[in-house]
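Under full-length UniProt numbering, the sequence shown has 9 at position 9, and the numbering climbs by one with no breaks. Please read the structure below before turning to the comments.
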Amino acid sequence: MSTVGYRRGPVCGVDNCPSKLWRLIDGRNVCQYGHVNEDAIELNDEDENIASAASQGFTRRLNNVSGLTKSQARHKRVEMLKLGQTNSLLYGKQLNLMLVRAMQVILCKQIKCLAEHYNIQGDTFVKVAKRYWCLLLAHMYHGKKSPGEKMSLVFNDLFMVCYLALLQVNAPVYMMDLLNLATLERIPFMKAENSVPPSISRRIPLTSFPLLKGSLISKRSYYNLKGWNRILDSPVTLTNYKLNYLPLLVRLVLKLYLPLEIVTLVKNIIVVLDVKLTLQPGELHPELKLVGLIIVMTKLYFHSSAKTRYNNWVALYYADISKLDTDLDPARVEAKLQNHSSPEELVQWDSDEIEQAAKLFYRYYLPPIRNENIANHKKHSTTKKVIVQRLNAIFPIEELEGNEPERALESYKTHLADIYSKLYEDRALNIDDANCHPYEHLIDLLVDGFKMDTGLTLEDFKDIVRYGDNTLKEYHRTLTNN
Numbered sequence: 001m002s003t004v005g006y007r008r009g010p011v012c013g014v015d016n017c018p019s020k021l022w023r024l025i026d027g028r029n030v031c032q033y034g035h036v037n038e039d040a041i042e043l044n045d046e047d048e049n050i051a052s053a054a055s056q057g058f059t060r061r062l063n064n065v066s067g068l069t070k071s072q073a074r075h076k077r078v079e080m081l082k083l084g085q086t087n088s089l090l091y092g093k094q095l096n097l098m099l100v101r102a103m104q105v106i107l108c109k110q111i112k113c114l115a116e117h118y119n120i121q122g123d124t125f126v127k128v129a130k131r132y133w134c135l136l137l138a139h140m141y142h143g144k145k146s147p148g149e150k151m152s153l154v155f156n157d158l159f160m161v162c163y164l165a166l167l168q169v170n171a172p173v174y175m176m177d178l179l180n181l182a183t184l185e186r187i188p189f190m191k192a193e194n195s196v197p198p199s200i201s202r203r204i205p206l207t208s209f210p211l212l213k214g215s216l217i218s219k220r221s222y223y224n225l226k227g228w229n230r231i232l233d234s235p236v237t238l239t240n241y242k243l244n245y246l247p248l249l250v251r252l253v254l255k256l257y258l259p260l261e262i263v264t265l266v267k268n269i270i271v272v273l274d275v276k277l278t279l280q281p282g283e284l285h286p287e288l289k290l291v292g293l294i295i296v297m298t299k300l301y302f303h304s305s306a307k308t309r310y311n312n313w314v315a316l317y318y319a320d321i322s323k324l325d326t327d328l329d330p331a332r333v334e335a336k337l338q339n340h341s342s343p344e345e346l347v348q349w350d351s352d353e354i355e356q357a358a359k360l361f362y363r364y365y366l367p368p369i370r371n372e373n374i375a376n377h378k379k380h381s382t383t384k385k386v387i388v389q390r391l392n393a394i395f396p397i398e399e400l401e402g403n404e405p406e407r408a409l410e411s412y413k414t415h416l417a418d419i420y421s422k423l424y425e426d427r428a429l430n431i432d433d434a435n436c437h438p439y440e441h442l443i444d445l446l447v448d449g450f451k452m453d454t455g456l457t458l459e460d461f462k463d464i465v466r467y468g469d470n471t472l473k474e475y476h477r478t479l480t481n482n
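Next up, the structure:
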């Protein structure tokens, strides 16, 4: 940077600026990095201020560059000092209070997003969430010896407040759907710190910012309802909730193109054994119990049916490209990226898989700026336009905005009918796929498919499959005794 026209002076100090070079621009003293010295002064050497030559000297008046009077300059300095106090970082008790304020702001925006997503009318949902939030705060401060102790409140508690409040108002919510909303940032979660206003965020140290964002590394903890006892005094409220399993059962079966008889088989075992699909602390989540039953009943069905049925299912499931459709289910594309994105697997992707991944990035990781786009309101549109142009040059996507979910759903219904008509044909469709995935690997195929919906790991599915096997054994004993 050229220093021509600058003169040396005091250290700037604005935002720790080390510059000592200054020059006048439009009557303002500006350092070489562009910081303005609002309280600068300059020498006034006008003729009327110069003393007579007989006095053997002359006076020099100091002018305020900003044009303020002495009292105005003093008042401004007081305001700047106050502003400096409000911008200072907080620690201890004050930091805990500020973090609670920040989490409360995030929770309010999460509630708003969920109310719009599930079309919840009235203010009952908001009131229930506020009540659970107050109970959570009361538990956080209970038994503390000093208000400056480390805060026990964590961000994932906000997720549990939202989930329990949705259950309380009988919203059609499933845990796996709620986690998918968080994964796609449809509710403020992994980037939730962007939802905090600057007046709060500037007072929080950088080391405390991880407390203002969620983590989806271990989704099993959410299914285990970790932290429910910090909100509810008794598990009675949990046990009163019973999973409406039939819509979820049909949806999971259709997603994997499994035979429809499996819906009846799973329903029968639930009715005969009176399986308790309720939230029980220390037990599997009812949604995971349902997944375990689907896995074991699918294995039983294909074992007792013709081999052609299994071969056709494998051929249809692996040959179909619409099972990864961003317009219908972006969460499955996200799971595909997470679970099957090693270099060896990426080079095997076809053009359709690449296009769906690019669509996912366009729609959910480069969202348009608008007022209701809460989680990304700080992003700069200019930067996004550049990214979109460069991405489109690599992965051109046609009619991105024209693929409306309604049209995609109608097309999917027609495609689903065609899939099932082929599934029930007696002739084999493609034996090569069946040879690559023999019946002995059926459990692995099902687990791999359900990983996309639940977000769980292979280790987590061991307990799920074990529950399904134990329930199936009990079912056989019941039928034998009767």
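No residue lacks a Cβ here, since even glycine has one placed at the ideal position from N, Cα and C. As the structure is a prediction and not an experimental result, all values here were calculated from the model.
Under 8 angstroms between C-beta atoms of residue i and residue j
i: A192; j: L216; result: no
i: P188; j: P235; result: no
i: I231; j: M160; result: yes
i: D163; j: K289; result: The residue asked about is misnamed: residue 163 is Tyr in this sequence, not Asp. It is not a contact, given that the beta carbons lie outside the stated cut-off.
i: L249; j: Y301; result: no
i: L90; j: M103; result: no
i: residue 504; j: P197; result: Shown here, the chain extends from 1 to 482; a query on residue 504 therefore has no answer.
i: E287; j: L256; result: no
i: I419; j: D350; result: no
i: K422; j: L316; result: yes
i: L107; j: L184; result: no
Contact set for residue i: own chain, Cβ-Cβ below 7 angstroms, skip 5 residues either direction
i: L416; result: L254
i: L456; result: K219, R220
i: L479; result: none
i: Y132; result: V161, L164, A165, I231
i: E425; result: N312
i: K299; result: L442, I443
CA-to-CA distance, residue j to residue i, given in whole angstroms
i: S88; j: V36; result: 21 angstroms
i: R390; j: A357; result: 16 angstroms
i: L279; j: L225; result: 9 angstroms
i: P259; j: L252; result: 11 angstroms
i: R23; j: S195; result: 40 angstroms
i: Y118; j: P210; result: 28 angstroms
i: Q348; j: Y318; result: 13 angstroms
i: Y245; j: E283; result: 17 angstroms
i: G13; j: S19; result: 8 angstroms
i: N180; j: S304; result: 35 angstroms
i: T239; j: N170; result: 14 angstroms
i: C17; j: R202; result: 19 angstroms
i: K379; j: K112; result: Reliability of the predicted coordinates at K379 is poor, the pLDDT of 45 falling under 50, and no value is obtained from them.
i: D352; j: I394; result: 14 angstroms
i: E355; j: Y412; result: 18 angstroms
i: residue 484; j: E261; result: Given that the chain is displayed from residue 1 to residue 482, the structure contains no residue 484 and the question cannot be resolved.
i: V314; j: N229; result: 44 angstroms
i: L167; j: T237; result: 10 angstroms
i: L153; j: G214; result: 12 angstroms
i: I25; j: H75; result: 24 angstroms
i: A115; j: R186; result: 12 angstroms
i: D233; j: K130; result: 16 angstroms
Limits of the alpha helix (DSSP H) - the one that residue i falls within
i: L164; result: 156 to 168
i: R477; result: 458 to 481
i: C31; result: That residue, C31, is in no alpha helix (DSSP H); its beta strand (DSSP E) goes 28 to 31.
i: W133; result: 124 to 141
i: Q121; result: It is not in any alpha helix (DSSP H) - Q121 carries neither H nor E in the DSSP assignment.
i: S351; result: 351 to 360
i: S199; result: 198 to 201
i: F450; result: 442 to 454
i: R220; result: 220 to 223
i: V236; result: 236 to 239
i: L346; result: 343 to 346
Contacts around residue i, its chain only, beta-carbon distance under 8 angstroms, and the 5 residues preceding and following it disregarded
i: E474; result: L273
i: I269; result: V275, L293, M297, T471, L472, Y475
i: F461; result: V447, F450, K451
i: H285; result: M175, Y223, N224, L225, L279
i: S208; result: L95, L99
i: R8; result: K20, L21, W22
Neighbour flag for residue i against chain D, beta carbons, 8 angstroms
i: V266; result: Among the chains in the structure shown there is no chain D, since it carries only a single protein chain.
Extent of the continuous beta strand (DSSP E) to which residue i belongs
i: R186; result: Counting along the chain, R186 falls outside any beta strand (DSSP E), and DSSP gives it neither H nor E.
i: R23; result: 21 to 25
Sequence-distant residues of the same chain with beta carbon closer than 6 angstroms to residue i, five excluded per side
i: T454; result: M176
Residue i CB to nearest heavy atom of the ligand ADP below 7 angstroms
i: V154; result: With respect to the ligand ADP, the structure offers nothing, as it holds no ligand at all.
For the segment 247 to 312, list the alpha helix (DSSP H) runs that are entirely contained and at least 4 residues long, ordered along the chain. 261 to 273, 286 to 304
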